[in-house]
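All remarks here apply to the structure that follows.
In my numbering, the protein residues as written are 115 to 226.
This is the structure we're talking about:
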């Protein structure tokens with residue numbers, strides 16, 4: 115068994131695939147490491163919106179700022195210390211607020 119510890123500074127942030135907004139992700143543990151999940155950090159600039167059909171199950175932990183996720187039927191807003199879970203196939207709109215946001219995420223299976 116291998117134990118890992120990561121900090122936000124460890125993440126190599128890249129623009130989120132398929133969009134050109136101020137939304138960046140950085141995988142820290144993924145298929146290259148042999149486990150079943152991907153974990154990493156994300157950063158949303160102020161007032162950014164990302165529309166996505168979830169290709170994986172995604173659990174997002176809000177570390178800083180505020181995130182709202184809508185699926186057309188329901189909308190939830192989470193802040194520091196709260197979790198938003200999205201399931202594979204969900205069509206969602208993820209929106210940061212004026213303060214932006216920093217998140218940690220766990221996906222199953224790997225998302226890239």
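Every residue, glycine too, gets a C-beta built ideally from N, C-alpha and C.
Opposing strand residues paired with residue i [DSSP bridges]
{"i": "residue 221", "result": "152, 172"}
{"i": "residue 140", "result": "155"}
{"i": "residue 207", "result": "165, 184"}
Presumed contact (8 Å Cβ cut-off) between residue i and residue j, rounded CB distance
{"i": "residue 176", "j": "residue 192", "result": "5 Å"}
Three-state secondary structure (DSSP) of residue i
{"i": "residue 124", "result": "helix"}
{"i": "residue 213", "result": "strand"}
{"i": "residue 117", "result": "coil"}
{"i": "residue 110", "result": "An answer regarding residue 110 cannot be provided, because it is not within the stretch 115 to 226 covered by the chain."}
{"i": "residue 186", "result": "coil"}
{"i": "residue 135", "result": "coil"}
{"i": "residue 179", "result": "strand"}
Any non-hydrogen atom of the ligand ATP closer than 7 Å to residue i Cβ
{"i": "residue 126", "result": "Only the bare structure without any ligand can be found here, which leaves the ligand ATP out of the picture."}
Kindly provide the ranges of any beta strand (DSSP E) runs that are 3 or more residues long and lie completely inside the segment 143-175, ordered along the chain.
-> 152-158, 163-167
Given 8 Å, three or more beta-carbon pairs between the segment 168-185 and the segment 140-150 | no
Count the C-beta pairs between the segment 127-137 and the segment 155-169 that are closer than 8 Å, then say yes if the count reaches three, no if not.
-> yes
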